[in-house]
Amino acid sequence: MQFTKYTGLGNDFVFLDGEAALSVQDPFSLAVKMCDRRFGVGADGLVLLLPSDKADVRMRIINSDGSEAEMCGNASRCVALHMFTRGLTDKKQISLDTLAGIIRTDITSLDKKLVRVDMGQPRLTRGLIPMTGAADERAVNVPLDVNGTQIYGTAVSMGNPHFVTFVENAQTAPVAELGPRLEKHPAFPRKTNVEFVQVLDDKTVRMRVWERGAGITSACGTGACATAVACMLNGKTGPRVTVKLDGGDLLIEWPEHKNIFMTGPAREVFTGDWPEN
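Laid out in C-alpha cells, this is it:
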C-alpha cells in the first residue's frame, strides 16, 4: 500500500487514500503498526481518506494506540493540502466528512502551505462534551480531584473532548504526569485531551498538550481551539489568539462567539510503500 506522511506543526500522520484506504480491513491494528516509531512509519495517527456522499472526502482518524478520534484539526489542514496537490480536487475550499460533522477548509496560501479551517461551534455543556454532571451545565474553571490534588480547568468539545488547565509555566508543567491521569479521569466517559496553558498576554498563549490516545504531541489543532475558547470564557484573552505550541504557532479566531477558525501550515514529509502482509 502506498502511503504519504504529513505533518501539521509536528503533529504527524500517515495517509492512505484511493484503493489503499478502501482495502483496509482492520484500521485499528494497522494504525498501531504503521504509527510505531521504531518498527513502523512513525506517526501520531493513521488517516484514511474515503468516499463521501456528504462532502468532498470522508476522513477517518485512528490514533497511534488504535482508538478512533472524532476529529483532528491538524490532520484537516493536511487533508486539504493533500487533496489539492495530488489533483484529487481542483478546489481550494474542501469539505471533510468527519465523526464530528462536516469540516470546511480553505487553502489560503500555497506558497506558505497555509490552510484555514472552519472548526464549527464549540460544545460547552457537560452533556455534549461529554462530562459527568448536569447535562446543560458548563464546566468553566471547575476542580477535578487527581490523587487528592484539585486541578482546575475548563471543559470544551470541538467534536472531541478537551480539558484546559492554566499553569504558571507551560514548559515546566507536569504534562507527562498529569496528562494521562486527566485523560482517563472518571469525569470524562470518553476520556479527554488535556491542554496545559500559560497566558502570555491578551492575544498570545503558550500551550502543551497530552492527546487522548497519542500522549504528548507537538501540536493539536482542536486543542488550540479549545484553549482559545477556554481563555475567552475565563476572561484571559480576546477573540483572536495566537497559540504557541511545541511545533509552531496557530492563529485561532472566535468572532462573536460563533464558529471558530484555525489557520496554520501543513506539509508533506515523504511517501512510501507499506507491505500488506
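Residue numbers for the sequence shown follow numbering that gives the first Met the number 0, so the first one is 0 and each next one is one higher.
Just so it is clear, CB atoms sit at the ideal spot from N, CA and C, and this is done for glycine as well.
Keep in mind it's a predicted model, so treat the numbers as computed, not measured.
Per DSSP, the unbroken alpha helix (DSSP H) holding PHE27 starts and ends at 26-34. Counting along the chain, PHE83 sits inside the alpha helix (DSSP H) bounded by residues 72-84. Along the length of the segment 191-264, whole beta strand (DSSP E) runs at least 3 residues long occupy 192-200, 203-210, 214-216, 239-244, 247-252 and 259-264, reported in chain order.
In this structure GLN197 touches ALA169 by the C-beta definition: roughly 4 angstroms separates them, less than 8 angstroms.
Residue environment for GLY86: exposed (fewer than 16 other C-beta atoms within 10 angstroms of its C-beta). Under DSSP, ILE102 forms a beta bridge with LEU95. Shown here, VAL174 sits in a helix according to DSSP, grouped into three states. Taking a C-beta distance under 8 angstroms as the contact criterion, LEU95 and MET118 do not qualify as a contact pair. A distance below 7 angstroms between beta-carbons, with the five flanking residues on each side excluded, links THR3 to the following residues of its chain, in chain order: PHE14, HIS81, GLU267 and THR270.
Exposed is the label assigned to SER28, since fewer than 16 other Cβ atoms lie within 10 Å of its Cβ. For LEU49, the secondary structure class from DSSP, reduced to helix, strand or coil, is strand. An exposed status is given to ASN146, since fewer than 16 other beta-carbon atoms sit within 10 Å of its beta-carbon. In its chain, beyond the 5 residues on either side, ASP11, PHE12, VAL13 and CYS34 have a beta carbon closer than 6 angstroms to the beta carbon of ALA42. A residue is called buried when at least 16 other Cβ atoms come within 10 angstroms of its Cβ; PHE38 does not meet this threshold and is exposed. If you compare the alpha carbons of LYS190, LYS183 and PHE195 with that of VAL174, the shortest gap goes to PHE195.
With the rule of 3 Cβ pairs closer than 8 angstroms, the segment 223-234 does not count as touching the segment 16-27. Straight through space, the alpha carbons of VAL141 and ARG125 are spaced by roughly 12 angstroms.
Taking C-beta atoms under 8 angstroms as the contact rule, ARG103 and THR262 fail to qualify, at a distance of about 13 angstroms. Look at ARG189 here: in three-state DSSP terms it is coil, with no helix or strand label. The beta-carbon separation of PRO179 and PRO129, rounded to 19 angstroms, does not stay under the 8 angstroms limit for a contact.
Pairing ILE106 with ALA79 gives a Cβ-Cβ distance under 8 angstroms. Put simply, the backbone Cα of ALA265 is about 17 angstroms away from that of ASP16.
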